[in-house]
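Novice: One structure coming up, written as structure tokens, with questions to follow.
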Ligand code: HXC
């Protein structure tokens with residue numbers, strides 16, 4: 001799908017994208033590159049990084065791949081330094097690296113719970129912490145007339161209510177959202193860095209979708225969606241462009257939900273055709289025979 005943004009909205013910017021070699025992270029890398037940014041992608045698997053970098057370069061995008069695990073502060077530091085050494089600045093950090101699997105709470109080990117918190121929550125903190133030096137107003141590579149850079153943390157909506165077999169991810173994404181707001185407050189005030197999040201719904205063609213919603217139940221799930229369709233990676237990339245570019249210059253501390261309204265959805269307990277009739281009957285009945293408070297209280 002065509003982008004509604006001008007092709008130069010990120011011209012001259014450098015984006016570091018964790019988990020940028022696959023899924024939503026790769027689409028953000030591609031769209032940011034197509035809109036003028038140079039791209040550094042970070043991931044654990046060399047072959048995934050190599051393939052992604054070669055795809056990006058074939059589109060004429062300046063891109064490098066940097067191997068590392070966001071859970072390790074030393075990897076975060078090395079990758080951030082390498083991105084800066086290569087491109088001479090860092091303007092945007094996207095934390096898209098995440099870990100997930102389905103598990104009933106009672107079957108999940110402490111290490112299973114901790115692993116997902118480590119990747120999603122600690123990893124996001126590590127990357128933000130190491131990138132601060134370069135993102136802050138007046139940091140290396142930034143000219144003094146421009147403000148600070150921007151951060152986007154990819155979250156989820158699982159923890160807004162509760163989600164089956166996702167206690168570890170719900171806890172991790174709640175921590176990510178808290179991190180987004182706290183950094184927006186501290187770093188927005190002190191360094192003019194904007195920190196926002198995006199909470200995607202089910203997005204077709206992603207590792208998350210195939211892990212969490214196996215093919216056999218995808219059609220069933222679709223029936224519960226207000227917009228009756230899966231989201232596209234493009235939807236998330238466009239939200240990221242909006243938040244990272246000048247369009248989002250007054251947006252700070254927001255986690256934007258991009259899920260077609262899915263997290264609000266609940267089963268309809270009464271058919272629409274039956275509502276009018278039933279509600280009149282109930283109304284008539286209650287007028288004929290008032291119920292509730294004793295007459296002395298009326
Ligand atoms: C129960 C499991 C498990 C499973 C792993 N564990 N898989 N427990 N059910 N299916 C437990 C292990 O037994 C172990 O605990 C602990 O988790 C760590 O497992 P490792 O395999 O050693 O960890 P690691 O190699 O670091 O791999 C991390 C991973 C893996 C998260 C488990 O799946 C991974 O690397 N994923 C990255 C890619 C990914 O998941 N992408 C999808 C993101 S989707 P014990 O006690 O045995 O030592 C996404 C969407 C979120 O984030 C929002 C959706 C709406």
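In the UniProt record's numbering, the protein residues as written are 1 to 298.
Ideal Cβ placement from N, Cα and C applies to all residues, glycine included.
1) Using the beta-carbon count (16 or more within 10 Å), is residue 200 buried or exposed?
2) By Cβ distance, which residues of its chain are closer than 6 Å to residue 253, with the 5 residues on each side in sequence left out?
3) Name the two residues that bound the continuous alpha helix (DSSP H) containing residue 16.
4) Could you tell me which residues DSSP puts in a beta bridge with residue 40?
5) Can you list, in chain order, every residue whose CB sits closer than 5 Å to a heavy atom of the ligand HXC?
6) Hey, would you say residue 165 sits closer than 8 Å to residue 263, going by beta carbons?
7) Residue 58 to residue 237, Cα distance in whole Å?
8) Which value, in whole angstroms, describes the spacing of the CA atoms of residue 286 and residue 278?
9) From what residue to what residue does the beta strand (DSSP E) around residue 286 run?
10) Starting from residue 347, follow the beta strand (DSSP E) in both directions and report where the run begins and ends.
11) If distances are taken between C-alpha atoms only, which option among 280, 147, 76 comes closest to residue 191?
12) Buried or exposed: where does residue 177 fall if 16 or more other Cβ atoms within 10 Å of its Cβ makes it buried?
13) What did DSSP end up calling residue 150 once you bin it into helix, strand or coil?
14) For the beta strand (DSSP E) containing residue 138, name the first residue and the last one.
Specialist: Well, looking at it:
1) buried
2) 181, 184
3) Taken as a continuous stretch (DSSP letters only), residue 16 belongs to no alpha helix (DSSP H), being part of the beta strand (DSSP E) at 14 to 18.
4) 16, 64
5) Cβ atoms closer than 5 Å to the ligand HXC belong to 98, 99, 100, 101, 103, 109, 111, 112, 115, 156, 207, 208.
6) no
7) Here the alpha carbon of residue 58 sits roughly 19 Å from the alpha carbon of residue 237.
8) 12 Å
9) First-last for residue 286: 272 to 288, but that is the alpha helix (DSSP H), not the beta strand (DSSP E).
10) Examination of residue 347 is not possible in this model, given that the chain is present from 1 through 298 alone.
11) Put simply, of 280, 147, 76 the residue whose alpha carbon is nearest the alpha carbon of residue 191 is 147.
12) The residue in question, residue 177, is buried, as its Cβ has 16 or more Cβ neighbours within 10 Å.
13) strand
14) Unbroken run through residue 138: none, as it is neither H nor E.
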